[in-house]
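Protein chains in written order, with my numbering: chain A, 1 to 345; chain B, 1001 to 1345; chain C, 2001 to 2345; chain D, 3001 to 3345. Take a look at the structure below.
Number of protein chains: 4
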Amino acid sequence: MAEVKVGIINVTGYIGMEIARLVHLHPRVRLASVTGRSAAGKEIGEVSPHLADIGLSIKPELDRVDLAFVALPHGESAAAVVALLERGIKVVDVGADFRLKDAEEYKRWYKVDAAAEYLEEAVYGLTELNRERIAAARLVANPGCYPTGAILALAPAVSESLIEPDIIVDSKSGVSGAGRTLNLTTHYAEINENAAAYAVDGHRHLPEIVQELQGLAPGPALSVTFLPHLVPMTRGILTSCYAMLAGGKAAEGEKGREQVLKLYRDFYQGEAFVRVVAVPPQTKQTWGSNLCLIYPTVDLRTGRLMVISCLDNLVKGGAGQAVQNMNLMLGFPEETGLEGLAVYP
Amino acid sequence: MAEVKVGIINVTGYIGMEIARLVHLHPRVRLASVTGRSAAGKEIGEVSPHLADIGLSIKPELDRVDLAFVALPHGESAAAVVALLERGIKVVDVGADFRLKDAEEYKRWYKVDAAAEYLEEAVYGLTELNRERIAAARLVANPGCYPTGAILALAPAVSESLIEPDIIVDSKSGVSGAGRTLNLTTHYAEINENAAAYAVDGHRHLPEIVQELQGLAPGPALSVTFLPHLVPMTRGILTSCYAMLAGGKAAEGEKGREQVLKLYRDFYQGEAFVRVVAVPPQTKQTWGSNLCLIYPTVDLRTGRLMVISCLDNLVKGGAGQAVQNMNLMLGFPEETGLEGLAVYP
Amino acid sequence: MAEVKVGIINVTGYIGMEIARLVHLHPRVRLASVTGRSAAGKEIGEVSPHLADIGLSIKPELDRVDLAFVALPHGESAAAVVALLERGIKVVDVGADFRLKDAEEYKRWYKVDAAAEYLEEAVYGLTELNRERIAAARLVANPGCYPTGAILALAPAVSESLIEPDIIVDSKSGVSGAGRTLNLTTHYAEINENAAAYAVDGHRHLPEIVQELQGLAPGPALSVTFLPHLVPMTRGILTSCYAMLAGGKAAEGEKGREQVLKLYRDFYQGEAFVRVVAVPPQTKQTWGSNLCLIYPTVDLRTGRLMVISCLDNLVKGGAGQAVQNMNLMLGFPEETGLEGLAVYP
Amino acid sequence: MAEVKVGIINVTGYIGMEIARLVHLHPRVRLASVTGRSAAGKEIGEVSPHLADIGLSIKPELDRVDLAFVALPHGESAAAVVALLERGIKVVDVGADFRLKDAEEYKRWYKVDAAAEYLEEAVYGLTELNRERIAAARLVANPGCYPTGAILALAPAVSESLIEPDIIVDSKSGVSGAGRTLNLTTHYAEINENAAAYAVDGHRHLPEIVQELQGLAPGPALSVTFLPHLVPMTRGILTSCYAMLAGGKAAEGEKGREQVLKLYRDFYQGEAFVRVVAVPPQTKQTWGSNLCLIYPTVDLRTGRLMVISCLDNLVKGGAGQAVQNMNLMLGFPEETGLEGLAVYP
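Here it is in structure tokens:
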């Protein structure tokens, strides 16, 4: 079996590091080349001591590989991705540049031009919803961390017309989601023992959530409010979703709850990394693992569907889903290299 | 001026301790007597070293005082409160036993009988809404921590009919709100770096929120979903509220936001401890202080009102509000002893 | 190749859980049976959702296995271990009952009788120092978390007579080291944002440290002060050791530092899980991994050796070292199943 | 009584903010003017919402005040201090520029020139040791956070010749001690759940500790090793000190412990802000207060004195001690404005 080589562009950010951790133990691919924005020339273990065993030097340019992960900020990944595609290298882009199908919508939210000619080709990499297209893709746009949790929480309800189109998504994220770039907001003494909403006027992950959910919805236009919050932990996103049950879609009382649970279990039947759970999940139950835990229930007093999901923003919300997508693109079983359990406590 | 003496029943819980901290510096009253559930006979500084300066022994029964704070669990405070009232002592009860006006509703949620004969007399101690009645009361039922943040966030909107009756309240609380009783849920290694929703089937603070908001609402019955979450910090509650703007109540776009902000500012005009702020607040900005910060805005894409509030659950959500109520009951200026700024960072 | 079956007694404690996590991915053994103190009859995923994939029921008694990990509190493990040995099952005991060779010393520190007849047979499981004897053992006494970090930090210096016998060991531990039993000390609101020394009159890990270091010391009796501290994090132990360099053992200035570094590198040459590093290590660089990082240096102003070590108390300081020992006892390569990198950040 | 006006240079750093918090409630002085390095022109509440009640604009230059606190980084405060002195304004400098009496030693550690002509005049502001000189000073050099805890812990032992001159000081600090300047070391995701030693080759606070302790020591030159560690909390320094008891200075066994405790209690007799405690203290017991808690004991196995101290690095280790010094300099009772109890939990 010929060895399959993969590379990481910008291994020094949190998602890049985490891809390196996962790929290092992957039995079917070899991490062959890594680049870093300001660390070129250094050993990976100098910059990230926990990755010292990998034993690679950080280079200014990526060597020849079969598939590359691009972990650059928005606006920067487009050019890097295009260059890789032109060298015939498959790409999982963990940045935002190819997620939105509408180039104008992209520009409105990100203030830079989209790589318009590739938007159509790029496949939105929420594995559970786009499995076949991902397997055939040469460019996958890995979802944002919030959209992964929100879309997985709502996909069964939206696609089965279980709810009214007014949807509220209230997310609580650990601080690593803000990345490694220095900022007063993520300075330890400022955010420790603190909680706050942010991006109150609209977070860039909103159009991604709407685009994907609307694509699943047979009915009218969705009206989604998405409010993200920072809470003082390193990893994890907890998302609570609220929407009124559509008339006649579920029975009254406990029976309705059971119907909802069954609908969700059926929807995610056989999925390796989505678990519909019977008690409210906790973010730490996914720490370091590729799982998304989902708890759907009904507020019996108001007839409202409530869905709570959680995941590790750097794994299922980033690096893990990227590896899951790589597995499909390279023809490996989807779970390969992602079997690790969460590290708890 | 004759000295005014106050006492604390159960000074060894977190709210009890915090009342002691605040009262110790209060210029108009003297902390004269404290009891503790299992610590009787010990010095307060043995049990709570940070309170050593107070220099009191914990006693099994409260000495004669002018006003007592009762900080017992629900079901236990009723009897203690009644005994104090019968001794002619004014009471601020920081527990739940006198908050709900409907004895059957109380029993449904708390599984114990209410002290029915005092429910009517007890004044719900959300100071900003019930100031005159509190000043005249001999028994004040201090609000729960979640209801304080939720009701203050929604009172202007509800009483001015700004919103539709479908309301979602999503709260994120620090762990001290769960008290000092040992529990695996609040064991450090379990809840640190973790976030979760809880009481998904209905939290005991919900009927309190509904009772008070409904009392303000000129219109139809409110339909409130309240979902609390634990996040890994010691103090602080962040509450995000969502409801559709009622038709014609606010202009489109930025102008509507300004109208909403003005409505909130007018409503809380002159309040010492409620601040309507112009940027999203952070829980840590209230650490140790009696402030509640409120940020109202409109999600322009969906026409939804979003109100974010934050406070220190042990101060404005507990001990601070109790002292604020005491000030009114004893005829002192409301701010007395509560002027301390938040401890930041 | 016949399948090798292992079991865990008390899988519901933190070390037991962590052994389960590691063994689940181990390619050479199968986790075949688990017991739990109060959870018998439940599925492992009910008690520990992050372990749900393991798919075992918790039983009151261990089934037939080839090797068992015993994760019981001191005083309880002795009887369980003896019963297993008599069934012909090899044992790694992660508790304290077989660590001290002197039965009276054990009783002095632990206040219960030792299983005296097995103390001689039991091998102290600090893998790097006792590799051959562990490989031949049927009973391994896995070291305490503090002793692992302290002994590995000092072994080169002590065995090479690099230092005077007066040694200070100042350790800072995450809270999971205190286990899962509820206690006010480890109640979230008490220990979060807090740091304190404890066991100031003598910690039970002291005799273990002295016993093992003295066994390496060709010279006079060691005089060791060991002071543990709790710091607010879940995992990790950072240990700083101080001792005067023995006369003539190292050159002055930078050259002496290099000699010390070389001595340490030579001592741990070829070790898979001990890394002598060139910059001060951080506990988080070992989170979830089986590494112990060691940084030796010289305080040039005073001629004092300073050695800083760090590890994950639940992995190299517990479950990981237990699996490392199992590998030796079962004839597998020592690294098997322990290749995972740290989860960072 | 004429109003006394004080000012703060650089109110936007953590020590500056904390001085503002304390002075705001001070009954004898008024905060009249504040400057900030990059925030000139803004309201203090815009930059620091928790200080909004103060109601001052941040100015580029300090107005006329009676006493100024200078909270600038080392190398920057010297010029600002000299300018204030020349305007006849008393100064408490919380930076490092006037702490070391030896200008060359200062330059060696700080790499910039000292304001040599004022070094002799400046009084080292460890209040408990230099009370009379501080009261008479026009320039006080407020101690560093680590030296405050270390010197207070060791002063009784050193000045009474209780110990040998070989001293180890192992300190664990919260992250706010590193200030508000952005740095990867203090980026939340990096330092949260992490612990590490730093400045292993020598921390700038070492010469300060040696200078002050040596000044108390009647005997030979001290040989001090000082190793600081960062632990994941916002506030607090815990310091553990180790030194062999000098021969004949204390009895064997428990009696020696009592002698040591008595010696410490006598030394700090009557001090408002230093407490010699009978059980090991915790940093959180001082959160927000001006207390330093000290626990001296003897390791009976080795005859070693162990002294554990803790304080809030921003209060007694910074702003609180600065106000304490201000009180002396302005002729007020030393405790004025510093009576607040710790905020716990």
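No residue lacks a Cβ here, since even glycine has one placed at the ideal position from N, Cα and C.
Is it buried or exposed for residue i, if we count other Cβ within 10 angstroms and need 16 for buried?
i, result
"D/Gly-3041", "exposed"
"A/Ser-38", "exposed"
"A/Leu-206", "buried"
"A/Lys-111", "exposed"
"C/Arg-2133", "exposed"
"B/Val-1279", "exposed"
"B/Asp-1063", "exposed"
"D/Glu-3190", "buried"
"B/Thr-1283", "buried"
"D/Gly-3095", "buried"
"A/Lys-172", "buried"
"A/Glu-258", "exposed"
"B/Asp-1102", "exposed"
"D/Pro-2961", "Given a span of 3001 to 3345 for chain D in the structure shown, any question on residue 2961 of chain D remains unanswerable."
Could you give the DSSP three-state label for residue i: helix, strand or coil?
i, result
"A/Pro-27", "coil"
"B/Met-1233", "coil"
"B/Gln-1269", "coil"
"B/Lys-1262", "helix"
"A/Lys-316", "helix"
"C/Asp-2093", "strand"
"D/Leu-3206", "helix"
"A/Lys-42", "coil"
"C/Pro-2218", "coil"
"A/Tyr-118", "helix"
"C/Ser-2289", "coil"
Taking the continuous alpha helix (DSSP H) assigned at residue i, which residues delimit it?
i, result
"A/Tyr-295", "Segment 292 to 299 is the beta strand (DSSP E) holding A/Tyr-295; no alpha helix (DSSP H) there."
"B/Ser-1161", "Unbroken run through B/Ser-1161: none, as it is neither H nor E."
"C/Lys-2107", "2103 to 2110"
"A/Val-4", "Segment 4 to 9 is the beta strand (DSSP E) holding A/Val-4; no alpha helix (DSSP H) there."
"A/Ala-79", "77 to 86"
"A/Arg-131", "127 to 136"
"D/Tyr-3188", "3188 to 3191"
By the criterion of Cβ-Cβ separation under 9 Å, what are the contact partners of residue i in chain D?
i, result
"B/Met-1017", "Tyr-3344 and Pro-3345"
Residue i versus chain B: which residues are under 8 Å apart at the beta carbon?
i, result
"C/Thr-2186", "His-1187, Tyr-1188 and Ala-1189"
Interface residues of chain C around residue i at Cβ under 8 Å?
i, result
"B/Tyr-1014", "Ala-2189"
What does residue i touch in chain D if you count any residue whose Cβ is under 7 Å from its own?
i, result
"B/Gln-1285", "Pro-3049 and His-3050"
"C/Tyr-2198", "Pro-3280"
Residue range of the beta strand (DSSP E) that residue i falls in?
i, result
"D/Ala-3068", "3067 to 3070"
"B/Ser-1309", "1304 to 1311"
"A/Val-343", "Careful: A/Val-343 lies outside any beta strand (DSSP E) and carries neither H nor E."
"B/Ala-1141", "1139 to 1141"
"B/Arg-1275", "1274 to 1276"
Give me the chain D residues within the contact set of residue i, using Cβ-Cβ distance strictly less than 8 Å, ordered along the chain.
i, result
"A/Glu-193", "Thr-3234"
Anything in chain C within Cβ reach of residue i, meaning under 9 Å, just list it in chain order.
i, result
"D/Tyr-3242", "Ile-2168, Asp-2170, Thr-2225, Leu-2227 and Tyr-2242"
Next item on the list: Report the residues of the stretch 3147 to 3181 of chain D with a CB closer than 7 Å to any CB of chain C, ordered along the chain.
Entry: Ile-3168, Asp-3170 and Lys-3172
Notebook entry, point to check: Taking Cβ-Cβ distances below 7 Å as the criterion, which residues of the stretch 205 to 237 of chain A are in contact with chain D?
Noted result: Thr-234
Note to self: Can you pull out the residues from the stretch 2288 to 2310 of chain C whose beta carbon lies closer than 9 Å to at least one beta carbon of chain D?
What the structure shows: Tyr-2295, Thr-2297, Asp-2299, Leu-2300, Arg-2301, Thr-2302, Gly-2303, Arg-2304, Met-2306, Ile-2308 and Cys-2310
Checklist line | Members of the stretch 1098 to 1132 of chain B that neighbour chain A once the beta carbon cut-off is set at 9 Å | finding: none
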